[in-house]
Amino acid sequence: MLYYIARRFFLMVVILFLVSIMVFALINVIPGDPAVLMLGQEATPEALAALRQNLGLNDPLFIQYLHWVGGVLQGNLGYSLADHTPVTDILLSKIPVTVELTILAFVLAIVIAVPVGIISAVHKGTVWDYLTTVFALSGVSIPAFWLGILLIYLLSVTLGWLPPSGYVPFGDNPARNLVLMIMPSIALGIRLSAQLTRMLRSSLLEVMQADYIRTGFAKGLLERAVVFQHALRNAMLPVLTVAGLELSSFLGGAVITETIFAVPGLGQLIVNAILTRDFPVVQGAILFMAFAVVFVNFIVDIAYSLLDPRISLGGASK
């Protein structure tokens, strides 16, 4: 197991290294002079030249990349071109907001998907199964931004039950924070709940056809005991994989959801940084999101190998 973890960790480092090259290269091919952005269009040529020299913009890209990566390894992601605030400080102020939204959406998806998927599989062909299918197809088909707009129109404009947008830190007012996060969490999590419901239903139906399940029924075990004590664990393996991959994609989906509901997280930060061409902030935010995606997949791989006894220490199915 230690060899497997070490190999997956090494692969994670290689992926992050390649991602850092791509992020740095893409940002540097975007038109725009950071010196002009910092000093303004009215700056003198001498001042612009001095600032470019100070920022190292006259160095070859390879040297600039080494300086940037060296700073990243020391926790220095550079400074915002807008207000010269350290990018690390900006990210640290935004990450908790996005993490909170991601956790709430993920928990909501699991809470919906597990019972609904089990009911659909156990009562296959009944009205409950058909209703579950309608829910799953609707949840997968509706884009998050459209669902967000519908929620605002229905729950805020029409019924007046929830505020349309805004954010209050959990530490300042927990109740208000949770109220404001209800609609963003639904908009972000409903698609994952639909995917997990379909995945759990099909996986559970397949497991229920296994010999050891029939043996369990033949021994006189109750259906509840067979489902929850024997079938559900194996059925959850593919669900776990999909959940892990989708959890990492939440960061990308949060960009749109946070913008719609005015949640001041990483998504809104990236949108504003792109509009103002604040390249260091964009670089730092994308690099953090890439790290989060790779790290979550690393954890999922480890958890998958622990849950599935067929997975060898080398990571391949026997």
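Just so it is clear: in the sequence shown, position 293 is 298 by the numbering used here, and no numbers are missing. Glycine included, C-beta positions come from ideal geometry on N, C-alpha and C.
I need the straight-line Cα distance from residue i to residue j, nearest angstrom please.
| i | j | result |
| --- | --- | --- |
| isoleucine 20 | tryptophan 73 | 17 angstroms |
| isoleucine 26 | leucine 66 | 11 angstroms |
| glutamate 251 | glutamine 200 | 9 angstroms |
| lysine 323 | arginine 219 | Residue confidence for lysine 323 is low, a pLDDT of 40 falling below 50, so the modelled location carries little weight; the figure read from the coordinates is stated next. Their Cα atoms are separated by approximately 24 angstroms. |
| glycine 225 | glycine 171 | 55 angstroms |
| isoleucine 195 | leucine 159 | 16 angstroms |
| leucine 44 | alanine 308 | 50 angstroms |
| glycine 270 | proline 39 | 24 angstroms |
| isoleucine 32 | alanine 52 | 23 angstroms |
| methionine 294 | threonine 131 | 42 angstroms |
| serine 98 | valine 92 | 10 angstroms |
| glycine 320 | aspartate 64 | For glycine 320, the predicted structure reports a pLDDT of 46, less than 50, and the residue's modelled location is therefore unreliable. A value from the coordinates is still provided. Going from the Cα of glycine 320 to the Cα of aspartate 64 covers about 43 angstroms. |
| valine 41 | glutamine 69 | 18 angstroms |
| leucine 242 | valine 139 | 24 angstroms |
Can you tell which of the options has the C-alpha that lies nearest to the C-alpha of residue i?
| i | options | result |
| --- | --- | --- |
| valine 119 | Leu197, Gly171, Leu23 | Leu197 |
| valine 18 | Ser310, Ile68, Leu292 | Leu292 |
| glutamine 214 | His235, Asp88, Ser143 | His235 |
| phenylalanine 111 | Phe255, Ile265, Leu280 | Phe255 |
| proline 101 | Trp151, Asn81, Gly272, Leu167 | Gly272 |
| leucine 183 | Pro91, Val268, Ala297 | Val268 |
| aspartate 88 | Arg282, Phe303, Val162 | Arg282 |
| valine 299 | Ala11, Tyr8, Val24 | Val24 |
| isoleucine 108 | Gly249, Leu56, Ile279, Ala278 | Gly249 |
| alanine 330 | Leu96, Ala180, Leu164, Ser310 | This structure does not reach residue 330, given that the chain is present from 6 up to 323, and the question cannot be answered. |
| arginine 238 | Lys99, Asp216, Ser208, Phe266 | Ser208 |
| glycine 144 | Ile157, Val301, Ala114 | Ala114 |
From the DSSP output, in three-state form, read off residue i for me.
| i | result |
| --- | --- |
| tyrosine 84 | strand |
| serine 322 | Note that serine 322 has pLDDT 43, beneath the 50 cutoff, so the model's placement of it is unreliable and the number below is only indicative. Serine 322: strand per DSSP, three-state reduction. |
| proline 50 | helix |
| proline 168 | coil |
| proline 174 | coil |
| proline 65 | coil |
| proline 91 | strand |
| valine 305 | helix |
| leucine 13 | What sits at residue 13 in the sequence shown is arginine, not leucine. Helix at arginine 13. |
What is the C-beta distance between residue i and residue j, in whole angstroms, given that I count them as a contact (C-beta under 8 angstroms)?
| i | j | result |
| --- | --- | --- |
| leucine 106 | proline 189 | 6 angstroms |
| valine 260 | valine 276 | 6 angstroms |
| glutamate 210 | valine 244 | Per the sequence presented here, residue 210 reads as leucine, with glutamate not at that position. That pair is no contact at about 13 angstroms. |
| proline 168 | leucine 155 | About 16 angstroms separates the two Cβ atoms, so there is no contact after all. |
| valine 121 | threonine 246 | Their Cβ separation, rounded to whole angstroms, is 19 angstroms, which puts valine 121 and threonine 246 out of contact at 8 angstroms. |
| phenylalanine 22 | glutamine 288 | No, phenylalanine 22 and glutamine 288 are not in contact; Cβ-Cβ is about 15 angstroms, not under 8 angstroms. |
Every unbroken alpha helix (DSSP H) inside the region 185-257 [4 residues or more]: 216-223, 228-231
Runs of alpha helix (DSSP H) wholly within the region 93-159 (minimum 4 residues, chain order): 132-146, 149-156
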